[in-house]
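Report on the following structure.
Residue numbers (our numbering), protein chains in the order written: chain A, 5 to 185; chain B, 1230 to 1405.
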């Protein structure tokens, strides 16, 4: 009996470089979670900065993305969390991390998380997650996220959420920007 | 006339502001509305220059399709300069009635401040004397030689800024 974990391949592509089949697969996997309205997803996927795909035997089994949220909504999150001083317009949102149910617990989540961290380098990022999502809590410290402010109910939903950040200054520093070196 | 330039991500622009953008770009007669609308979601930033409530000129920054991006550097004879981090500066358009009033310069200055040292590139029609003038060019260096691409009949120049002569894969985008 073998205990070897399957080797998932992670690829990242900008939406403009994805085939329509890849984009459909991305949406279908996120929709399994039934947390995102399909219209938001259809509008949001092409506008993502980068899409991440976890692949096993040519099958897409997990996805995620990084994207710039609408600036008003982005700011709203930090206001609601009581951490407006941390709001950073350069901060990119990590979102839509979804794994097909039959592949959960096999390292897909971790693989995507690593690829995303490599891509992001030291760029500021943020994410929101439902307070009752126990799976995410364990990963927060492991991947150097910290909670911004307090949990809150956003204007866009009924679930209490936490805002977590990575590479954010305690107070936004406007002289910092993206540099190539 | 006091000019102001705003740089916004497309998701932060109202529908009417996007329509103004389209109107100004299509006024040049080189782009069709459908293609611009299709490309909006893939655009990193839209750049608006105007005075008061009047938008007089626009530009955009976007990461082009990778295969096309690479194709440009191959066609110019400099595939080694292809840099996947390079962002394209495009759709620079000023309404005819506002040309010669500093709109283009204002737009360009704001764009350069926004880009900092990030690699970027642009393609220009060689016959467009308004934007192809090697003596006045301070932003870009010409990449290789002019060429005719499969996207149209015009002879094009590829220009690049903050590109290494040979792409250095060790370099990345950092926040500091």
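The C-beta atom is built at its ideal place from N, Cα and C for all residues, glycine as well.
As the structure is a prediction and not an experimental result, all values here were calculated from the model.
Provide the residue(s) that pair with residue 121 of chain A in DSSP beta bridges, ordered along the chain.
Bridge partners of residue 121 of chain A: none, in fact.
Closer than 9 angstroms, Cβ to Cβ, to anything on chain B: give me those residues from the segment 9–23 of chain A, in chain order.
17, 18, 19, 20, 21
On the three-state DSSP scale, how would you describe residue 53 of chain A?
coil
List, from N- to C-terminal side, the beta strand (DSSP E) runs of 3 residues or more that fit wholly inside the segment 52–81 of chain A.
Segments of the beta strand (DSSP E) lying fully in the segment 52–81 of chain A: 54–60, 63–71.
Among B/1271, B/1368, B/1282, B/1313, whose alpha-carbon lies nearest the alpha-carbon of residue 71 of chain A?
Looking only at B/1271, B/1368, B/1282, B/1313, the smallest Cα-Cα distance to residue 71 of chain A is reached by B/1271.
Would you mind stating whether residue 18 of chain A and residue 1392 of chain B have Cβ atoms separated by less than 8 angstroms?
It is not a contact, given that the beta carbons lie outside the stated cut-off.
Run through chain B and tell me which residues come within less than 8 angstroms of residue 185 of chain A, C-beta to C-beta.
1346, 1400, 1401, 1403
Is there a Cβ of chain A sitting closer than 8 angstroms to that of residue 1264 of chain B, yes or no?
So, not an interface residue.
Less than 8 angstroms between CB atoms is the rule here; does residue 162 of chain A satisfy it with respect to chain B?
Chain B contact via Cβ: absent.
On the premise that residue 1405 of chain B lies in contact with residue 46 of chain A, defined as a C-beta separation below 8 angstroms, what is that separation, rounded to the nearest angstrom?
Separation of the CB atoms of residue 46 of chain A and residue 1405 of chain B is rounded to 36 angstroms, and the pair is thereby denied contact status at 8 angstroms.
Which residue's Cα is closest to the Cα of residue 1326 of chain B: B/1257, B/1348, B/1303, B/1383?
B/1257
So is residue 1337 of chain B in contact with chain A if we call contact Cβ pairs under 8 angstroms?
For residue 1337 of chain B, the answer is no, since every Cβ of chain A falls outside 8 angstroms of its Cβ.
For my contact list, residue 1260 of chain B and residue 1333 of chain B are in at a C-beta cut-off of 8 angstroms; report their separation, rounded to the angstrom.
With a Cβ gap of about 17 angstroms, residue 1260 of chain B and residue 1333 of chain B do not count as contacting.
Can you tell which of A/30, A/26, A/157, A/168 has the C-alpha that lies nearest to the C-alpha of residue 145 of chain A?
Nearest C-alpha to residue 145 of chain A: A/168.
Report the residues of the segment 120–131 of chain A with a CB closer than 7 angstroms to any CB of chain B, ordered along the chain.
Residues passing the 7 angstroms Cβ filter: 125, 126, 127, 128.
Tell me the residue span of the alpha helix (DSSP H) that contains residue 1341 of chain B.
1332–1344
So, is the C-beta of residue 1327 of chain B closer than 8 angstroms to a C-beta in chain A?
no
Below 7 angstroms between beta carbons is the criterion; list the residues of the segment 26–55 of chain A that meet it against any residue of chain B, in chain order.
50, 51
Can you pull the chain B neighbours of residue 74 of chain A, defined as C-beta to C-beta under 7 angstroms?
Chain B residues near residue 74 of chain A: 1240, 1241.
For residue 177 of chain A, is the classification buried or exposed, using 16 other Cβ atoms within 10 angstroms of its Cβ as the cut-off for buried?
exposed
Over what stretch of residues does the beta strand (DSSP E) that includes residue 1231 of chain B continue unbroken?
Looking at the DSSP string, residue 1231 of chain B is not in any beta strand (DSSP E), and its letter there is neither H nor E.
Under the rule that 16 or more other beta-carbon atoms within 10 Å means buried, what is residue 157 of chain A, buried or exposed?
Exposed, because fewer than 16 other Cβ atoms sit within 10 Å of the Cβ of residue 157 of chain A.
Anything in the segment 1278–1298 of chain B with a Cβ closer than 7 angstroms to a Cβ of chain A? List those residues in chain order, please.
Those would be 1292, 1294, 1295, in chain order.
Pull up the CB-CB distance for residue 87 of chain A and residue 37 of chain A, whole angstroms please, since I reckon it's below 8 angstroms.
The Cβ separation is near 26 angstroms, so there is no contact.
Does residue 1411 of chain B pass the burial test, meaning 16 or more other C-beta atoms within 10 Å, or should it be called exposed?
Outside the modelled stretch of chain B, which goes from 1230 to 1405, sits residue 1411 of chain B, for which no answer is possible.
Can you find a CB in chain A that lies within less than 8 angstroms of the CB of residue 1314 of chain B?
yes
Strictly by DSSP, which residues pair up with residue 132 of chain A?
Residue 132 of chain A pairs with A/167.
Going by Cα to Cα distance, which pick from A/124, A/101, A/120, A/95 is closest to residue 35 of chain A?
A/101
Using CA atoms only, rank isn't needed, just tell me which of A/110, A/11, A/64, A/161 is closest to residue 26 of chain A.
A/64
Does the CB of residue 1357 of chain B have a neighbour CB from chain A at under 8 angstroms?
no
Does any CB atom of chain A fall closer than 8 angstroms to the CB of residue 1394 of chain B?
no
Terminal residues of the continuous alpha helix (DSSP H) containing residue 157 of chain A?
First-last for residue 157 of chain A: undefined, no H or E at that position.
Going by beta carbon distance, what residues of the same chain come within less than 6 angstroms of residue 1375 of chain B, once the five residues before and after it are set aside?
1355, 1384, 1386
Does DSSP put residue 175 of chain A in a helix, a strand or coil?
coil
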